[in-house]
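Numbering (UniProt numbering), first residue to last: 1 to 114. Heads up, the beta-carbon is just placed ideally off N, CA and C, and yes, glycines get one too. As the structure is a prediction and not an experimental result, all values here were calculated from the model. Each remark here refers to the structure printed beneath this line.
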Amino acid sequence: MRLKTSIWVAAYLRRCQTEGVFGAIRKKGAEEAGAVFVKVALMDGNAMLYAPAPQTVYDDSRPAERLFVPAAPQPVSEPSVEERLTKELRFDPDAWIVETEDRAGRHFLDLAKS
């Protein structure tokens, strides 16, 4: 059974805080099972966006974990990230947007194996 999204987001933000990284919920989505998008602002006008991994990458032995994939292999301009988030919210209004700020680009997410 997967953890409620609201609980996962709260735990994620706590993890960021303990590492000295500012993070906040920009848009609250569905409490139970909303998709989570994480924007990591690099404080130089660029950012990384992490989206939920497709269901095909999940391991049957660990179906409850949340995995993410970077939307691009390298940082992109913040306006580009914002454009992508606007499109995602049009498609899924129940999605969450979490934003962190870290010059080093640390994200503390479990990434899907490529």
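Cα-Cα separation between residue i and residue j, rounded to whole angstroms
i: ALA35; j: GLU19; result: 24 Å
i: THR5; j: GLU65; result: 11 Å
i: PHE37; j: ARG14; result: 17 Å
i: residue 155; j: LEU85; result: The shown model of the chain, from 1 to 114, leaves out residue 155, and the question about it has no answer.
i: LYS27; j: PRO79; result: 17 Å
i: ILE7; j: LYS39; result: 18 Å
Test item: CB-CB of residue i and residue j under 8 Å
i: GLY29; j: TRP96; result: yes
i: ARG103; j: MET48; result: no
i: PHE91; j: CYS16; result: no
i: VAL9; j: ARG106; result: no
i: LEU67; j: ALA53; result: yes
i: GLU88; j: ALA41; result: no
i: VAL69; j: ALA112; result: yes
Reduced DSSP secondary structure (H/G/I, E/B, other) of residue i
i: VAL9; result: helix
i: PRO75; result: coil
i: GLU99; result: strand
i: LYS39; result: strand
i: LYS27; result: strand
i: LEU49; result: strand
Start and end residues, beta strand (DSSP E) containing residue i
i: PRO70; result: 68-70
i: LEU111; result: Run containing LEU111: none; DSSP gives neither H nor E here.
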